[in-house]
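For any residue, its number in this note's numbering is found by taking its place in the sequence shown, counting from 1, and adding 61. Take a look at the structure set out below.
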Amino acid sequence: MIRALRIAGVTALILLLWHFLVLATGLPAFILPSPARVATALFSNLELIGHHASVTMAEVMIGLLLGTLLGVVTAISLAMSPLARLVVRPMMVLSQALPVFALAPVLTLWLGYGLWPKIIMALLIIYFPVTSAFFDGLMQTPRGMLDLAKVMQARSWHIMRHIRIPAAIPALASGLRLAAVYAPIGAIIGEWVGASQGLGYLMLLANGRAKIDLMFAALIVLAVLTLLLHGSVDRLCRYVVQRQNS
């Protein structure tokens, strides 16, 4: 209840500041629409925005799932194999030097204007945070637990499965919280470069037609969906970590 009141209070404050900014600057509606105009555009185009939002969230959820699975598999492989660390880690670091935005046109050229270029963009943008966080967690398993397992002659995979992975769950949870915020960014970048559906496409379409109130409405819907996704992932992570510790 208190949290809901805080969210409502912050939302009301933002809307109030936005309204006064419009009044103080005197900017025309095609540059900075008022909250009332944006709300009107939102409810007048609810079905349209809902359709494009469902496309974007499908891209985000699939990209988040695949990126998490790939990151987990990569982190486990790196933790178990010194050779994999020697070969793969430099490539992972190098990949972060390349702007993800630059890959979007290439993916669109190869895969077309469907969902997959955006899914892969979401996957790529979350892959490093998830892999890095989980790998760090796997490598920071308490030494005493590992020594005890070795004394009991446990095999490497059994140690990984029953000791290192459970101990690294909180680190993975931190990576997933970041991924929930980053994944929509990847999908939107892909939609800006080449798409016929999605909130990113709708923003560009509205901007090109000077419907700035509709563009703001799509942006607000994206922000709300991102907050809901992050909150859901955070709740799931807290539940898993608490259950593991109980």
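Cβ atoms here follow ideal geometry from the backbone N, Cα and C, with glycine treated the same way. Bear in mind the structure is a predicted one, so any value in this text is a computation, not a measurement.
Hey, would you say residue 271 sits closer than 8 Å to residue 106, going by beta carbons?
No; because the gap between Cβ atoms is not below 8 Å, this pair is not in contact.
* Proximity below 8 Å, CB of residue 221 to CB of residue 141 -> If you check the CB distance, residue 221 and residue 141 come in under 8 Å.
For residue 260 and residue 169, which I take to be in contact (beta-carbon distance under 8 Å), what is that distance rounded to the nearest angstrom? Beta-carbon to beta-carbon, residue 260 and residue 169 are separated by about 17 Å, too far to satisfy the 8 Å threshold.
What whole-angstrom Cβ distance do residue 165 and residue 128 have, given they're in contact under 8 Å?
Not a contact, Cβ separation roughly 16 Å.
Check your understanding: How many angstroms separate the CA atom of residue 135 from the CA atom of residue 192?
Key -> Rounded to the nearest angstrom, the gap between the Cα atoms of residue 135 and residue 192 is 7 Å.
Report task. Helix, strand or coil for residue 213, going by three-state DSSP, please let me know. Result -> In the three-state DSSP reduction, residue 213 falls in the coil class, being neither helix nor strand.
Assumed close pair residue 98, residue 90 - CB separation to whole angstroms, cut-off 8 Å: Confirmed, Cβ separation roughly 6 Å.
Inset, instruction - Please report the residue range of the alpha helix (DSSP H) in which residue 194 lies. - result: Start and end: 177–200.
* Using 8 Å as the threshold, is the stretch 175–189 in touch with the stretch 237–255, meaning 3 or more CB pairs across them? -> Contact between the stretch 175–189 and the stretch 237–255 is established, with three or more Cβ pairs separated by less than 8 Å.
Quick check on the burial criterion: 16 or more other C-beta atoms within 10 angstroms. Buried or exposed for residue 202?
Its Cβ being crowded by 16 or more others within 10 Å, residue 202 is buried.
message: residue 131 and residue 188 - do their beta-carbons sit closer together than 8 Å?
response: Taking 8 Å as the Cβ cut-off, residue 188 and residue 131 qualify as a contacting pair.
> With a cut-off of 8 Å, do at least 3 Cβ pairs link the stretch 228–237 to the stretch 195–214?
Replying inline: Touching, yes, given that three or more Cβ pairs across the two stretches are closer than 8 Å.
Practice item. Put residue 166 into one of helix, strand or coil per three-state DSSP. Key: Residue state, collapsed to three classes: helix.
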